[in-house]
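K.L.:
In the numbering used here, the protein residues as written are -4 to 384.
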């Protein structure tokens, strides 16, 4: 259970957004001795749009932080094989142990976000859900000095902070209030429809590709997530009139038996829609404010790396803040950009759907190498290990 904030007027850090990026940042900062207030407009344990899949760096970080055991206890199955389908070619790849990671996981966000919030509170952070960010407060110099918030019933209040962190997603209100500049934009994006289906028992992740469409199977602790993706420009024509019919038609392009199984479950399964949005990398900091997670860096979900990015940047940002160096936030942004740009570029190419299957396979080989480089970056940081103590 989270505990209600004592409503102190003064914090070292206020974090807006208690999903995986914000909650992980709160946990790490609180473990480092900072006085942290974590807020979110949604109730604790609520669901959200998500790709679910955790890649190696995310699993490694959760293990270091002592959170992975909770993911395992939730019933999220260990993923020990990932299979790529390039048209008729099927390429199964076993998950070899690397950096101590011998399995991947895909917990539902109702589980993962709650686990991280609870870990943050256990570390000493104060958490308030169903609490809204209204605006940043500033001093005479223009530096951010805190935030004005509201709770149910229209109650508003202000809190002071040395740093306000926006972890409130792609359409971040904190980023808007801080006028955070977008430094890089993607050229392409995909649109996706997905649902969670009970009864399917895939042997790990399955990623399927044909020209103009993609389908994936991601086993979670509550059903298997099945998604169908198309180029953004095709989303309305494919899913606009009848979402379920369009979804099943895309799945049937890859596997008619799977489509038939999903048809029998369709009436009991809610489908979620994401028509797509351009990716971006924002300026991540300014006087008294910083951004993390999708508020800072968002890329197309087709490469299923969003949660991994969120946890990665939570580790990097909290490390920078606790270092108390004058250039810490600038160094965080530089480190984030160096790590992010290769994956951002590859994702943009994949989301374009402008590839042959042979070209796509080359993109995936490059993507795998970038992920390995990310993992090596973290395993070399002794600070991450100390946070788990």
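Yeah, the Cβ is synthetic: ideal placement off N, Cα and C, and Gly gets one too. Here the structure is a predicted model, which is why all the values come from computation and not from measurement.
#1: With burial defined as no fewer than 16 other Cβ atoms inside 10 Å of the residue's Cβ, what is the status of residue 370: buried or exposed?
#2: Which residues share a DSSP beta bridge with residue 267?
#3: Quick one: give me the first and last residue of the alpha helix (DSSP H) that residue 52 is part of.
#4: Just reading off the alpha helix (DSSP H) that residue 234 is part of, what are its end residues?
#5: State the start and end residues of the unbroken alpha helix (DSSP H) segment that holds residue 105.
#6: Which first and last residues belong to the beta strand (DSSP E) in which residue 319 is found?
#7: Whose CA, out of 96, 109, 34 and 56, lies closest to the CA of residue 69?
#8: Is it right to say residue 87 is buried, meaning 16 or more other beta carbons lie within 10 angstroms of its own, or is it exposed?
#9: Which whole runs of the alpha helix (DSSP H) in the segment 335 to 374 are 4 residues long or more, in chain order?
#10: Where do the N-terminal and C-terminal ends of the alpha helix (DSSP H) with residue 171 fall, by residue?
#11: What residue range does the beta strand (DSSP E) around residue 10 cover?
#12: Taking the straight line between their C-alpha atoms, what separation do you get for residue 220 and residue 267?
#13: My output table needs one value for residue 75: the three-state DSSP class, helix, strand or coil.
#14: Please work out which residues of its chain come closer than 7 Å, Cβ to Cβ, to residue 18, disregarding the five sequence neighbours upstream and downstream, and give them in chain order.
#15: Just to confirm my understanding: we take residue 254, look at its own chain, exclude 5 residues before and 5 after, and list those with CB closer than 6 Å. What are they?
#16: By the DSSP assignment, the beta strand (DSSP E) with residue 26 in it spans what residues?
#17: For residue 265, which residues of its own chain have a beta-carbon under 7 Å away from its beta-carbon, when the five flanking residues on both sides are left out?
#18: Between the alpha carbons of residue 293 and residue 286, how many angstroms are there, rounded?
#19: Tell me the DSSP secondary structure of residue 45 in three-state form.
#20: Which value, in whole angstroms, describes the spacing of the CA atoms of residue 171 and residue 72?
#21: When burial is assigned at 16 or more other CB atoms within 10 Å of the CB, is residue 66 buried or exposed?
#22: For a test of the three-state rule: what should DSSP assign to residue 330, helix, strand or coil?
#23: Between which two residues does the beta strand (DSSP E) carrying residue 241 extend?
#24: Quick check: the Cα distance between residue 234 and residue 240, rounded to an integer number of angstroms?
#25: Please check the pair residue 249 and residue 187, which I expect to be a contact at CB under 8 Å, by giving their CB distance rounded to whole angstroms.
#26: Measure the beta-carbon distance from residue 204 to residue 78 and round it to whole angstroms, keeping in mind my assumption that it falls under 8 Å.
#27: Can you give the Cα-Cα distance for residue 405 and residue 298, rounded to whole angstroms?
#28: By Cβ distance below 7 Å, which residues in the same chain neighbour residue 20 in space, the five residues on each side in sequence not counted?
#29: Of all the options 365, 273, 140 and 122, which has the alpha carbon lying nearest to the alpha carbon of residue 38?
#30: Check whether the segment 144 to 151 and the segment 39 to 59 touch, using three or more Cβ-Cβ pairs below 8 Å as the test.
#31: Could you spell out where the beta strand (DSSP E) holding residue 195 opens and where it closes?
#32: For residue 173, which residues of its own chain have a beta-carbon under 6 Å away from its beta-carbon, when the five flanking residues on both sides are left out?
#33: CA-CA distance, residue 6 and residue 212?
#34: Tell me which same chain residues have a C-beta within less than 7 Å of the C-beta of residue 192, skipping the five on either side of it?
#35: So residue 401 packs on residue 36, CB below 8 Å; how close in whole Å?
#36: Go ahead and pull the three-state DSSP assignment for residue 206.
P.N.:
Reading it off the structure:
#1: Locating residue 370 in the chain shown gives position 375, counting from the first residue. With 16 or more Cβ atoms within 10 Å of its Cβ, residue 370 is classed as buried.
#2: The residue labelled residue 267 in the question sits at position 272 within the chain shown. According to DSSP, residue 267 shares a beta bridge with 189.
#3: Here residue 52 refers to the residue found at position 57 of the chain shown. That run of the alpha helix (DSSP H) goes 51 to 60.
#4: Residue numbering aside, residue 234 sits at position 239 when the chain shown is read from its first letter. Segment 230 to 234, the alpha helix (DSSP H) holding residue 234.
#5: To locate residue 105, count along the chain shown from 1; it is residue 110. Run containing residue 105: 104 to 117, per the alpha helix (DSSP H) assignment.
#6: Position 324 of the chain shown, counted from the first residue, corresponds to residue 319. Element bounds for residue 319: n/a, residue is neither H nor E.
#7: For the purposes of this step, residue 69 is taken as the residue at position 74 of the chain shown. When C-alpha distances from residue 69 are compared across 96, 109, 34 and 56, the shortest belongs to 109.
#8: Within the chain shown, numbered from 1, the residue matching residue 87 stands at position 92. Label assigned to residue 87: exposed.
#9: For the alpha helix (DSSP H) assignment, the uninterrupted runs of no fewer than 4 residues enclosed by the segment 335 to 374 are, from N- to C-terminal side, 352 to 374.
#10: By 1-based counting over the chain shown, the position of residue 171 is 176. Residue 171 -> alpha helix (DSSP H) spans 168 to 172.
#11: Residue 10 sits at position 15 when you count from the first residue of the chain shown. Residue 10 -> beta strand (DSSP E) spans 5 to 11.
#12: If you number the chain shown from 1, residue 220 lands on position 225. If you number the chain shown from 1, residue 267 lands on position 272. If you draw a straight line from the Cα of residue 220 to the Cα of residue 267, it is about 11 Å long.
#13: Position 80 of the chain shown, counted from the start, is the residue given in the question as residue 75. In this structure, DSSP gives residue 75 a state outside helix and strand, which the three-state scheme calls coil.
#14: Position 23 of the chain shown, counted from the start, is the residue given in the question as residue 18. Within the same chain, 33, 108, 111, 112 and 115 come within 7 Å of residue 18 by CB-CB distance, once the 5 residues on both sides are set aside.
#15: Counting from 1 along the chain shown, the entry for residue 254 is found at position 259. Taken in chain order, the residues that qualify are 243, 246 and 247.
#16: For this step, residue 26 is matched to residue 31 along the chain shown. Looking at the DSSP string, residue 26 is not in any beta strand (DSSP E); the run it does join, the alpha helix (DSSP H), is 15 to 26.
#17: Residue mapping note: residue 265 aligns to position 270 of the chain shown, counting from 1. So the list reads 190, once near-sequence residues are dropped.
#18: Start at 1 with the first residue of the chain shown, and residue 293 comes out as number 298. Start at 1 with the first residue of the chain shown, and residue 286 comes out as number 291. Separation of residue 293 and residue 286 (C-alpha to C-alpha, rounded to the nearest whole angstrom) is 12 Å.
#19: Within the chain shown, residue 45 is the residue found at index 50, counting from 1. In this structure, DSSP gives residue 45 a state outside helix and strand, which the three-state scheme calls coil.
#20: On the chain shown, position 176 is the one that residue 171 refers to. On the chain shown, position 77 is the one that residue 72 refers to. Cα to Cα, the separation comes out at about 38 Å.
#21: Within the chain shown, the letter at position 71 stands for residue 66. Under this definition residue 66 is a buried residue.
#22: By 1-based counting over the chain shown, the position of residue 330 is 335. Correct three-state label for residue 330: helix.
#23: Locating residue 241 in the chain shown gives position 246, counting from the first residue. In this chain, residue 241 is not harboured by any beta strand (DSSP E); it is covered by the alpha helix (DSSP H) spanning 238 to 249.
#24: On the chain shown, position 239 is the one that residue 234 refers to. On the chain shown, position 245 is the one that residue 240 refers to. Looking at the backbone, the Cα of residue 234 and that of residue 240 are separated by about 7 Å.
#25: Position 254 of the chain shown, counting from 1, holds the residue named residue 249. Position 192 of the chain shown, counting from 1, holds the residue named residue 187. Contact between residue 249 and residue 187 is absent: CB atoms are separated by about 15 Å, not below the 8 Å threshold.
#26: Stepping through the chain shown from its first residue, residue 204 is reached at position 209. Stepping through the chain shown from its first residue, residue 78 is reached at position 83. With 8 Å as the limit, residue 204 and residue 78 do not qualify as a contact, their Cβ atoms being about 12 Å apart.
#27: With the chain running from -4 to 384 in the structure shown, residue 405 is simply not present.
#28: Within the chain shown, the letter at position 25 stands for residue 20. In the same chain as residue 20, and ignoring 5 residues on each side of it, the C-beta atoms closer than 7 Å to its own belong to 10, 160, 162, 287, 309, 312 and 313, in chain order.
#29: Locating residue 38 in the chain shown gives position 43, counting from the first residue. Distances from the CA of residue 38 to each of 365, 273, 140 and 122 were compared; the closest alpha carbon is that of 122.
#30: The segment 144 to 151 vs the segment 39 to 59: no contact.
#31: Taking the first residue of the chain shown as position 1, residue 195 is located at position 200. Careful: residue 195 lies outside any beta strand (DSSP E) and carries neither H nor E.
#32: Stepping through the chain shown from its first residue, residue 173 is reached at position 178. Closer than 6 Å at Cβ, skipping near neighbours: 281 and 284.
#33: As a first step, residue 6 is located in the chain shown; it is residue number 11 there, counting from the start. As a first step, residue 212 is located in the chain shown; it is residue number 217 there, counting from the start. Looking at the two C-alpha atoms, the distance is approximately 43 Å.
#34: Here residue 192 corresponds to residue number 197 of the chain shown, with the count starting at 1. Once the five neighbours on either side are set aside, the close Cβ partners of residue 192 are 218, 219, 221, 257, 260 and 264.
#35: Residue 401 is absent from the structure shown; the chain starts at -4 and stops at 384.
#36: Taking the first residue of the chain shown as position 1, residue 206 is located at position 211. If DSSP states are grouped into helix, strand and coil, residue 206 belongs with coil.
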